[in-house]
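Residue numbers (our numbering): 164 to 610.
Heads up, the beta-carbon is just placed ideally off N, CA and C, and yes, glycines get one too.
The model shown is predicted, which means the values in this text are computed figures rather than measured ones.
This report concerns only the one structure given below.
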Ligand code: ADP
Ligand code: MG
C-alpha cells in the first residue's frame, strides 16, 4: 500500500461521499501505514477518529483492498502533533498545551491562486481574495464569499491561506469548515475544555470558516460563533467566511449574525459560463500533459465538455479526469465518441435545461415565421399552429406551468395554453406530418 494507492482511494471517496463529507471527515485523515493487515490513520481528535471509525471505516477498507492493498481493518489514532500545516503556535501568548487538539483542517496543496482560472463569473471574488491574501491592513471584515456548489469557494479560501502563510510565517492562520467548528465546540463542551477552545479561536490572526450555512439552526454553536467572530473583529483580525448563499438568505441564522456577516465585503461567485469552463479545462489539460504524456485529445472535445457539462467545476474536472484515466487504460485517443461513451452518466445528469425561448426560436425557424409573430397577437393559422406546437413542446420539455408558459407567449391566458396543448395532442394522432415535426423538433432541441 503506497501513498499513491491511498491517493486513488481518496479520489473515489471524494466522489462517493460528496465534497462536504469528504473535506470534513476524510481529508483530515493522514495515512500512516499498513501492518499485519491493519491500516493506521492519524486523526486530529478522538471524537473525529471515533466518528470515522463508525461511519466510514468499512468503505475505506473495501476501497483499499480494491486498489490492491491487503487490509482487514482500519485504525484511527490521534496524532501526537498538530496535523495542521497552517496553525502554528502563537509567538506572543502561551499557547495552551492542547492547542493541537483543535487544529484547523488540512489545506489542499492544489488550491492555489495560480491554478484558479479567472473569468467574468468569478473575477470579483478572485480580486477580493487576492487583496485579503496580501495580508495588509484589514479593510473589510469579514470577507464573505458565496456561491453554488463547486464554484471555487473552498479553492479561494485555501489559496488565501497558502499565500498568507507563505508571505507572513508569523501569522496564525486557521481554516476550518463550519461543521468542524461545531464538532470542536461540542467536543470542548463535553470534555470541559471550553477555556482552551476559546483561547485557541481568539488567538488566531486570520480565521476562515467554510460553508457557514451549516451552523444555521444550531443554537449554541451559532452563539459561540458569534462571540468568536466579535472577539476577532474587535482585535482587527481578518475573518473570511464562505456559504452557499448570501448572508440574508441563510434560513435559521440569527439576525445579529446575518447583519455581522453583511458588515464586511460580500461577493458572490456566479455560475460558470462557457468561456470559463473552457479555460478551466484547458488549464487542466496543461497540468495533465506530463502525467499523461503522449495522450492525444481530439479537437472539439474540450468545447463539447464545456458546452454540455453544467456549471459545477467539480463535475467538469471529474469528467476530464475520468476521460484521461479511461483513454490511457485502453490506449486510445480522446475523441468525441469516447467522451460521449465514457461520460454518458455525467452528460445525462447535467443535460442542460431547455428554455421556453429556445423552443420558440427553434419552432419559428422550422416553420419559417418570425419570433415576434409566434409571440404576437395574430391568430391566422400560419402563426397559430406553430405557436400551439411550441406551447406543447414547452409543456413537454420544460418544468414551466401553464400560466408561466402563457406569460412567455405574449401574456396569454393559461386556458389558451391548455387549449393549444390539447389541440396538438389531437393533431398528433391524426396528422403524421405534425407528429413527424414534433419528433424532429424535440430531437433538435435535445441535441
Ligand atoms: P466550492 O467550495 O465552491 O463548492 P471548490 O472550491 O471545492 O468549490 O471547487 C471545486 C473544484 O473545482 C475544485 O477542485 C477546484 O479546484 C475547482 N475549481 C473551481 N473553480 C475553479 C477555477 N476558477 N479555476 C480552477 N479550478 C476551479
Ligand atoms: Mg467548498
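Rounded to the nearest whole angstrom, the CA to CA distance from residue 465 to residue 178 is 22 Å.
Taking 7 Å as the cut-off, the C-beta of residue 318 counts as close to a heavy atom of the ligand ADP. Within the DSSP secondary-structure output, residue 309 pairs in a beta bridge with 406 and 431.
In the three-state reduction of the DSSP assignment, residue 508 falls in the helix class, which pools H, G and I. Collapsing the DSSP output to three states places residue 198 in a strand.
Bounds of any beta strand (DSSP E) do not take in residue 178; it lies within the alpha helix (DSSP H) bounded by 166-180.
Every alpha helix (DSSP H) of 4 residues or more that sits fully in the stretch 550-605 is shown, in chain order, as 565-571 and 577-593. Contact between the stretch 598-610 and the stretch 525-534 is present: three or more C-beta pairs spanning the two stretches fall below 8 Å. Residue pairing for residue 373: DSSP places it in a beta bridge opposite 340. In chain order, 187 and 268 place their CB closer than 7 Å to the CB of residue 343, counting only its own chain and leaving out the 5 sequence neighbours on each side. Pairing residue 292 with residue 319 gives a Cβ-Cβ distance under 8 Å. The ligand ADP has no heavy atom closer than 7 Å to the beta-carbon of residue 387.
According to the DSSP assignment, residue 488 belongs to the alpha helix (DSSP H) that extends over 476-493. Contact annotation: residue 223 and residue 281 have beta-carbon atoms that are not nearer than 8 Å.
Its Cα nearest to that of residue 193, the residue 166 stands out among 166, 385 and 323. Residue pairing by DSSP places residue 238 opposite 203 in a beta bridge. Look at residue 453: its beta carbon is at least 7 Å from all of the heavy atoms in the ligand ADP. Going by beta carbons, residue 435 and residue 474 fall inside the 8 Å limit. Note that the C-beta distance between residue 583 and residue 555 is below 8 Å. In the DSSP assignment, residue 444 falls within the unbroken alpha helix (DSSP H) covering 437-454.
Here residue 181 is exposed: its Cβ has fewer than 16 other Cβ atoms, across all protein chains shown, within 10 Å. Between residue 389 and residue 322, the C-beta spacing is not below 8 Å. DSSP, read as helix, strand or coil, puts residue 398 in coil. Taking a C-beta distance under 8 Å as the contact criterion, residue 472 and residue 608 do not qualify as a contact pair. For a cut-off of 8 Å, the C-beta gap from residue 374 to residue 183 is around 7 Å, short enough to register as a contact. Per DSSP, the continuous alpha helix (DSSP H) segment holding residue 464 begins and ends at 464-471.
The stretch 494-501 and the stretch 453-462 touch, with no fewer than 3 CB-CB distances between them shorter than 8 Å.
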